[in-house]
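K.L.:
Please see the structure below; I have some questions.
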Amino acid sequence: MTSKQCPRCEGNGWLTRAGKNHAEAVTCECVATCKKCRGQGLTRIEREGGFAEMVVCPCGITDLRKRIELYNRAQIPPRFFRSQIDRYQAKNDDQATVKQTLLRIRDSFVGSLGIGLHGPPGVGKTHLLTALAGWMTLIGGKEVVYTDFSNLVARLRAGFDNGVGENRLIEPIAEVQVLMIDELGKGRATEWERGVIDRIISHRYNAQLPTFYATNYAIPDMAAATTNVDMEFQESLKSRLGSRVWSRLQEMSSPVYLGGQDFRARQPATRPSRAAGRSGVSPVPPKRG
Ligand SMILES: [Zn+2]
Ligand SMILES: [Zn+2]
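Residue numbering for the sequence shown follows the working numbering, beginning at 132 and increasing consecutively.
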């Protein structure tokens with residue numbers, strides 16, 4: 132067992148740090164130096180009749196290594212290696228409600244339903260998304276890919292240009308157990324980009340694979356109902372991605388509104404006036420058909 136007293140990992144058995152290309156997790160020394168298996172994962176048990184057997188060590192390092200590998204393959208940006216939902220400081224009711232929703236998802240995630248965070252820049256959407264990715268890999272043992280939409284599009288474009296087959300490029304994203312797309316809709320929204328996201332979302336929709344996303348673009352009803360929100364937030368994600376993608380997306384990832392001021396801004400910004408229905412988490416009922 133990992134020592135609950137370990138001051139470095141608090142008994143988790145892992146530590147996270149900012150790697151060169153992405154956030155990375157490593158095994159804490161308290162597990163790596165297990166006296167029974169010396170960090171090898173297997174321990175020797177003497178049986179009757181002079182036989183000995185190698186069994187999985189109760190320190191759990193074998194399973195821990197798998198979860199650490201999942202974290203390291205999730206491609207979380209380096210600066211978000213400390214992300215935790217508990218550490219997200221909610222500054223208004225919207226943020227407090229979304230935090231509670233994500234804690235619930237975190238602690239009892241089953242099935243295929245994801246969540247979509249809609250909000251202006253600088254309210255902590257990436258923090259929450261990467262925190263969920265970290266939890267799902269290190270605690271949940273799930274395969275997760277986190278990707279920024281612009282990077283995803285650029286990477287796929289480069290692959291196509293180099294003659295890599297379309298299926299080979301899209302499959303790892305379309306088929307991953309849990310997908311998290313940040314900055315969804317950002318970019319030029321060309322026909323080609325829409326086609327790529329359509330293929331990914333359609334595949335995940337049909338396969339019932341959970342998708343989480345964050346976006347600076349509005350939930351359609353909100354964009355239509357308000358004219359005085361933040362500039363960045365006036366266009367809807369539906370108009371960016373097209374009706375077909377949006378229709379599926381809102382069914383597979385409940386859209387919620389995460390409002391507030393940009394925490395990066397030094398000057399206090401004017402809080403946009405709130406139209407009815409804009410406060411709190413605003414799940415949009417899925418449209419059928
Ligand atoms: Zn430790
Ligand atoms: Zn051990």
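Heads up, the beta-carbon is just placed ideally off N, CA and C, and yes, glycines get one too.
These figures come from a predicted structure and were not determined experimentally.
Could you tell me which uninterrupted alpha helix (DSSP H) segments, each at least 4 residues in length, are contained entirely in the segment 233-280, listed from first to last along the chain?
P.N.:
You should have 256-269.
K.L.:
Based on DSSP bridge pairs, tell me the residues matched to V387.
P.N.:
V387 pairs with L248.
K.L.:
Taking all protein chains shown into account, decide if P138 is buried (16 or more other Cβ within 10 angstroms of its Cβ) or exposed.
P.N.:
Exposed, by the Cβ-count rule.
K.L.:
Under 8 Å between the Cβ atoms of V229 and V327?
P.N.:
Cβ atoms of V229 and V327: not closer than 8 Å.
K.L.:
Could you pull out every residue in the same chain whose Cβ sits closer than 8 Å to the Cβ of G373, ignoring the five residues on either side in sequence?
P.N.:
Cβ neighbours of G373 beyond the five flanking positions: R325, D329.
K.L.:
Taking the alpha carbon of H334 as the point to measure from, which residue in L310, M267, L233, G316 has its own alpha carbon closest?
P.N.:
With distances taken between Cα atoms, H334 lies closest to L310.
K.L.:
Can you name, in chain order, every residue of its own chain whose Cβ lies under 6 Å from the Cβ of V254, other than the five neighbours on each side?
P.N.:
Same-chain partners within the cutoff: L389, G391.
K.L.:
Would you identify the three-state DSSP class for F182, choosing helix, strand or coil?
P.N.:
Three-state DSSP puts F182 in coil, outside helix and strand.
K.L.:
Cα-Cα, which of G294, L340, G296, T278 is closest to E314?
P.N.:
The shortest C-alpha separation from E314 is found at T278.
K.L.:
Check whether the Cβ of C190 lies closer than 7 Å to any heavy atom of ligand 4, and answer yes or no.
P.N.:
This structure lacks ligand 4; its bound ligands are ligand 1 and ligand 2.
K.L.:
Tell me the residue span of the beta strand (DSSP E) that contains A221.
P.N.:
Unbroken run through A221: none, as it is neither H nor E.
K.L.:
Quick test of your reading: V186 and L173, contact by CB under 8 Å. State the CB separation rounded to the nearest angstrom.
P.N.:
The pair is a contact, with the Cβ atoms about 7 Å apart (cut-off 8 Å).
K.L.:
Is the segment 268-284 touching the segment 159-168 in the sense that three or more CB pairs, one from each, lie closer than 8 Å?
P.N.:
Not touching, per the Cβ criterion.
K.L.:
So what does DSSP say about Y112, is it helix, strand or coil?
P.N.:
This structure leaves residue 112 out entirely; the chain is present only between 132 and 420.
K.L.:
Considering S327, what are the terminal residues of the alpha helix (DSSP H) in which it resides?
P.N.:
Residue 327 is actually Val in this sequence, not Ser. 322-338 is the span of the alpha helix (DSSP H), which, as asked, contains V327.
K.L.:
Pick helix, strand or coil for E177, following the three-state DSSP scheme.
P.N.:
E177 falls in the strand class under three-state DSSP.
K.L.:
With DSSP as the reference, label D313 as helix, strand or coil.
P.N.:
D313 falls in the strand class under three-state DSSP.
K.L.:
For A305, name the three-state secondary structure that DSSP assigns.
P.N.:
Looking at A305 - three-state DSSP - the assignment turns out to be helix.
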